[in-house]
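Below is one structure, written out as structure tokens, with a few remarks after it.
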Amino acid sequence: MPKTSHRPHVAIVGAGFSGFQAAQSLAASGEFEITLLDRDGRHVFTPLIYQVATGILRPDDITVSPRSHLPRGARVLAETVRRVNFDRHCLETDSEAIPYDYLVLATGSKSRIIDIPGARDHALPFMTLEDAIVVRQRFAELLTDETLGRVPSVAIVGGGTTGCELAGSLAEWAKLLDRELRIHLLQSGDRLLSEFDAKPARAAQRRLQRLGVEVLLETRVQRVMQHAVLVDRGRPIAADIVVWTAGVAAAVPQVSAKSVIGETGKLRVRPTLQLNSNWSNSTESARNGRPSDSRFENVFAIGDVAIDGARPRPAVAPVALQQGVAVARNIYRHARGQPLKPFRYLDKGRLAIVGGYLGVGRIAGVPFSGPLAWFLWLAVHWVYLPGWGNRRAALLAWWRTYGLGARSRRPLPRSQSISSSITPQP
Ligand SMILES: Cc1cc2nc3c(=O)[nH]c(=O)nc-3n(C[C@H](O)[C@H](O)[C@H](O)COP(=O)(O)OP(=O)(O)OC[C@H]3O[C@@H](n4cnc5c(N)ncnc54)[C@H](O)[C@@H]3O)c2cc1C
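Here the sequence shown is numbered in this note's numbering, starting from 156 and rising by one per residue.
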């Protein structure tokens, strides 16, 4: 791809929280030529995909085309980056080689269902919008199947935020449709929501149990079969559908220097978010402001795919968003010959909801739960959801769901699964 202007060319791989934010922050100045590459060519608001899977929102409501949120000159390519060649300063996709002056790797995480016999064959991963659409089809089919002749059952593996939100919302969906459904929530640890304080986590567990969810703590899945999972000591748990929300791995494309990949499988970065090939001298190189290998001076990694070994951050959207802004600032500084600044994370807290009117959270170090946390969750997600059309759709869907107690009861029509509005354009 030939360069079309004299401005430095910034290639950003991944239009998720961090990459899309970096593209928007960089595009604002007009100082750079920007190419944003994403294998799907769209931005997905992942914290709401469980609402797609449980009949509250449509897939279109949580996706935007990055093209419509960036200035005209910025290119958005629906391409998978297969390999990064640091020596030749270029990205390799299936169709072309793309040279860069600056590179931002923001490829996020991928689902990791491993080691458990039968899991790959019989469990549904829950990570992407496509996963959520498949799960919704299967839930809707199960909830509307009149021929089963027994109580249907679902096992959700993983008692973190996603597993709890999914279990609560599914239980409410079954109640709205007046259907009996057994839901098991399987958690290997000794409590749910380990990322929250113990008290709100206990409130969430009580709520789930009131909704009829059977919470199994300290329970490890040993095998997944077609209609059951086997847990500790081979105890079978009936499950027509098994959804796997536990376990993620960094989605690193092939790179020409393996030394930048740390033991966790993530890309090692320095505090400035530049790639770091030499773990041991990261503190020294951070102090003198120079990267450990000059090939990585202009290469940055942000979001879930990156790890600063000295300060590991949680894999959450606020970190990704703040790193998107920070990387843009450091690229400006680098282009102007100014010293780069280390990334500092401002932790604004965490929120999750477990069905209608019960939220759990921690803000400014203070744990809390109840309707206020639920309302704050809706407000925060509404504000951060990109696109006015999506916000309007979410507001209507939440009014229908929580105000009127109504929800979709059907599998998605094929045409709605991935609509033309989010189909990537070349
Ligand atoms: C189900 C679920 C629920 C979550 N809920 C919450 C929540 O409630 N609150 C919260 O704070 N966080 C939540 N998270 C975590 C949050 O979504 C991530 O921390 C955040 O998305 C990370 O942003 P990112 O930019 O690193 O990656 P992502 O947002 O995942 O974006 C990565 C992008 O890179 C693209 N990509 C990957 N590989 C390639 C390639 N080789 N070539 C081209 N493109 C590629 C992908 O298509 C994707 O668009 C949730 C995550 C999941 C999966």
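Glycine is no exception: its CB is placed at the ideal position from the N, C-alpha and C atoms.
Whole runs of the alpha helix (DSSP H) within the segment 346-375, excluding any shorter than 4 residues = 353-365
Proximity winner among THR299, PHE281, ASP463, VAL535, relative to LYS421 (alpha-carbon distances) | ASP463
CA-to-CA distance, LEU506 to ILE416, given in whole angstroms = 31 Å
Reducing DSSP to helix, strand and coil, say where PHE175 ends up.
-> helix
State the start and end residues of the unbroken beta strand (DSSP E) segment that holds HIS339.
-> 337-341
Is ILE204 near ligand 1, with its Cβ less than 8 Å from a heavy atom?
-> yes
Residue from VAL168, ALA534, THR201, ASP215 whose Cα sits closest to the Cα of ALA233 | VAL168
Within 8 Å: the Cβ of GLY504 and any heavy atom of ligand 1?
-> no
DSSP three-state call for ASP502: helix, strand or coil?
-> coil
Indicate the three-state DSSP secondary structure (helix, strand or coil) for THR248 in the structure shown.
-> strand
Nearest-angstrom Cβ-Cβ length linking ILE271 and GLN381, presumed shorter than 8 Å | Not confirmed; about 15 Å, so no contact.
Close Cβ partners of TRP553 (< 7 Å) along its chain, the five nearest in sequence each way excluded = LEU533
Runs of alpha helix (DSSP H) lying entirely within the segment 193-277, each at least 4 residues, in chain order | 204-208, 274-277
For ligand 1, is there a heavy atom less than 8 Å away from the beta-carbon of PRO408?
-> yes
Please name the residue, chosen from ASN431, GLY318, VAL480, that lies closest to GLN206 on a Cα-to-Cα basis.
-> GLY318
Secondary structure of ALA519, DSSP reduced to three states = coil
Check whether the Cβ of SER411 sits closer than 8 Å to any heavy atom of ligand 1, and report yes or no.
-> no
Counted within 10 angstroms of its Cβ, other Cβ atoms place HIS161 as buried (16 or more) or exposed = exposed
Is the beta carbon of ASP193 within less than 8 Å of some heavy atom of ligand 1?
-> yes
If I'm right that LEU531 touches GLY514 with Cβ under 8 Å, what's the distance once you round it to whole angstroms?
-> 7 Å
Contact check, TYR257 vs ALA490, beta carbons under 9 Å | yes
To the nearest whole angstrom, what separates the beta carbons of GLN478 and PHE498, a pair I think is in contact under 8 Å?
-> 6 Å
Beta carbon of VAL259, beta carbon of ARG194: below 9 Å?
-> no
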